[in-house]
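Student: Chain order of the listed sequences is A and B. Each number in my numbering comes from the position in the first sequence (counting from 1) with 8 added on. Each number in my numbering comes from the position in the second sequence (counting from 1) with 8 added on. Ideal placement from N, C-alpha and C gives every residue a C-beta, glycine not left out.
There are 2 protein chains.
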Amino acid sequence: MKINSSINDIPKSYYQDSESINVAVDCIIWGFDIKKEKLKLLLIKRLVEPLAGEWSLVGSFVKINEDLDFSATRVLKELTGLENIFLEQLQSFGKKDRDPGARVISIVYWSLIQIGQQDEELVNAHGANWFDLNEVPNLILDHKKMVEMALLKLQQNARYRPIGFELLPKKFTLPQLLKLYQEIYQKPLDDRNFRKKLISMNLLNKLDEKDKSTSKKGAFYYEFDGKKYNELVKTGFNFSLF
Amino acid sequence: MKINSSINDIPKSYYQDSESINVAVDCIIWGFDIKKEKLKLLLIKRLVEPLAGEWSLVGSFVKINEDLDFSATRVLKELTGLENIFLEQLQSFGKKDRDPGARVISIVYWSLIQIGQQDEELVNAHGANWFDLNEVPNLILDHKKMVEMALLKLQQNARYRPIGFELLPKKFTLPQLLKLYQEIYQKPLDDRNFRKKLISMNLLNKLDEKDKSTSKKGAFYYEFDGKKYNELVKTGFNFSLF
DNA sequence: TCAAAAGTGTTGGGATTACACCCATGG
DNA sequence: CCATGGGTGTAATCCCAACACTTTTGA
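(1) With burial defined as no fewer than 16 other Cβ atoms inside 10 Å of the residue's Cβ, what is the status of A/Q184: buried or exposed?
(2) When you compare only the Cα positions, how much space is there between B/F69 and A/E239?
(3) Taking all protein chains shown into account, do 16 or more other C-beta atoms lie within 10 angstroms of the C-beta of B/D107, making it buried, or fewer, making it exposed?
(4) Where A/L65 and A/N146 are concerned, what is the direct C-alpha to C-alpha distance, given to the nearest angstrom?
(5) Helix, strand or coil for A/E191, going by three-state DSSP, please let me know.
(6) Nearest by alpha-carbon distance to A/N30: which of A/R54, A/I52 and A/R111 is it?
(7) For B/L249 versus B/Y230, is the C-beta distance shorter than 8 Å?
(8) Just by C-beta distance, which residues in the segment 104-116 of chain B are closer than 7 Å to chain A?
(9) So, is the C-beta of B/Y22 closer than 8 Å to a C-beta in chain A?
(10) Is the beta carbon of B/I42 closer than 8 Å to that of B/V116?
(11) Would you report the Cα separation of A/F202 and A/V83, rounded to the nearest angstrom?
(12) So which residues on chain B does A/E71 lean against when the C-beta distance must stay under 8 Å?
(13) Evaluate the contact criterion for the segment 173-188 of chain A versus the segment 49-57 of chain A: three or more CB pairs, one atom per stretch, below 8 Å.
(14) So, A/K71 versus B/E27, is the Cβ gap smaller than 8 Å?
(15) Please list the terminal residues of the continuous beta strand (DSSP E) segment that includes B/A32.
(16) Straight-line CA distance for A/Y168 to A/V241?
(17) With distances taken from CA atoms, which of B/E191, B/A227 and B/E128 is nearest B/N142?
(18) So that I know if they touch, is there some Cβ in chain B lying closer than 8 Å to that of A/D150?
(19) Using a Cβ-Cβ cut-off of 8 Å, state whether B/Q99 counts as contacting chain A.
(20) Classify A/A166: buried if its beta carbon has 16 or more other beta carbons within 10 angstroms, exposed otherwise.
(21) Runs of 4 residues minimum, wholly inside the segment 118-172 of chain A: which ones carry the alpha helix (DSSP H) assignment?
(22) Check A/I52 in the structure and name its three-state DSSP category.
(23) I'd like to know if A/D233 contacts chain B, where contact means its C-beta is closer than 8 Å to some C-beta of that chain.
(24) Going along chain B, which residues have a C-beta under 8 Å from A/L90?
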């Protein structure tokens with residue numbers, strides 16, 4: 009690829025033609041409440057006008073000198089204190105009148121975190137709250153649509169990639185994992201087939217320890233083994249549920 | 009959803025914080041050369057500085073008063089003269105230094121057209137050319153990456169949605185359809201299983217007419233039946249190959 | 001001892017894969 | 001008549017879905 013031009017050679021006219029636009033990132037944050045066995049969304053009570061006091065995805069304008077992906081990372085960190093977590097781009101939303109305050113194109117990201125890991129003080133300072141998927145309040149602008157798309161994306165991705173584990177603590181039980189997937193797909197799944205499938209994939213390490221908090225018998229803890237997964241992928245393995 | 013605020017109530021300060029950015033759309037245009045049995049990409053020779061003369065996806069800045077999707081529609085129409093064709097959003101590309109001329113966030117769309125339908129004069133005026141997937145030239149900026157992602161997206165989508173037909177004329181033969189999918193997946197597919205699968209889906213109408221251009225025996229033409237497909241979807245049917 | 005959750009196997013049907021030969025016809 | 005591409009069927013295997021009872025143990 010030949011890129012001889014330096015920035016000084018470039019006539020300004022081409023870029024001057026463009027009408028620049030406010031660009032925002034908004035961030036879908038999924039969590040799994042392991043006690044209540046519910047998939048949850050982290051939403052903030054918007055503090056700034058317009059629409060102050062309404063529920064909203066957390067977001068920010070993209071700064072002129074930061075990578076787009078970094079904006080999303082920053083937004084997530086500013087709200088939760090967390091870094092190095094699962095975060096991917098979802099879709100851009102760009103109807104010209106989607107925001108009554110100005111022309112804003114929003115690029116939506118989605119992330120998966122473990123409830124409990126986030127910085128509670130930060131989260132409270134933003135007036136944020138976890139909402140059950142079935143109890144999402146009215147959201148500003150087109151944020152409802154964003155949530156709907158994010159759920160679809162989560163469902164599609166969780167089928168073919170081992171991302172469910174991002175929502176669980178390092179140690180989890182099979183009943184917890186099952187509940188998680190039932191929440192993601194919003195439907196019951198067959199207990200025995202689910203266990204069989206997961207265990208046959210050879211991605212989980214069974215620990216000696218049991219979780220006795222939910223039953224007298226107790227359920228064995230498992231860990232997802234990322235190394236094993238990477239090895240398997242090299243040999244052509246594809247994670248796939250159902 | 010409560011949106012009492014009118015645009016006049018809104019303090020400007022919130023939006024004044026934002027640093028606005030050039031936003032472009034770039035468009036992946038797939039076509040299938042039915043004679044040569046090759047999947048192709050339509051690329052333009054960039055006419056404007058910087059990087060004039062280099063190969064590029066076709067694109068444009070998003071205008072302040074047009075919907076994002078409309079920008080993509082416009083770009084496609086300006087190059088090909090075509091409207092009402094398959095066009096969906098792929099991904100945004102937003103590294104801060106991806107364009108040496110200015111901070112530009114590019115939102116990439118992908119489209120499927122039938123080679124031959126486009127307006128040749130327009131296409132030539134843009135210095136555009138069809139390139140075999142295996143003979144894509146060097147492209148400006150991060151356009152190569154965009155093409156790679158678009159191929160992945162095409163592969164993923166063609167598995168679960170009957171979009172291959174967008175690349176073929178209304179009447180096509182099963183050998184042509186097979187060749188198309190072999191090109192999309194860049195690998196040979198089993199002839200008999202492919203036919204069986206497609207025909208068993210009940211989406212194709214067999215015509216009486218034959219295409220005699222490629223063999224003495226001739227191959228029967230088929231048509232994709234969109235109505236049948238929609239009916240089937242209502243009853244829970246899912247298009248799925250392999 | 002019993003309630004409540006954890007754990008365990010088998011079977012039948014449907015789908016996918018692999019595979020090789022005959023058909024039709026124009027030149 | 002023959003070369004060329006079009007068209008066809010079957011068998012083996014794998015995967016998925018359906019389904020019910022036993023185990024453990026704290027209270």
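Tutor: Here's the rundown:
(1) buried
(2) 43 Å
(3) buried
(4) Pairing A/L65 with A/N146, the inter-Cα distance amounts to about 11 Å.
(5) helix
(6) Checking every option, the nearest Cα to that of A/N30 belongs to A/R111.
(7) no
(8) K104, P108, G109, A110, R111, I113 and I115
(9) yes
(10) no
(11) 36 Å
(12) It is Lys, not Glu, that sits at residue 71 of chain A in the sequence shown. The answer, in chain order, is E27.
(13) no
(14) yes
(15) Membership of B/A32 in the beta strand (DSSP E) is indicated by the continuous run N30 to D41.
(16) Rounded to the nearest angstrom, the gap between the Cα atoms of A/Y168 and A/V241 is 12 Å.
(17) B/E191
(18) no
(19) Chain A, which has a Cβ nearer than 8 Å to the Cβ of B/Q99, makes this yes.
(20) buried
(21) 128-133 and 151-168
(22) strand
(23) no
(24) Near A/L90 there are no residues of chain B at all, since even the closest Cβ is about 21 Å away, more than 8 Å.
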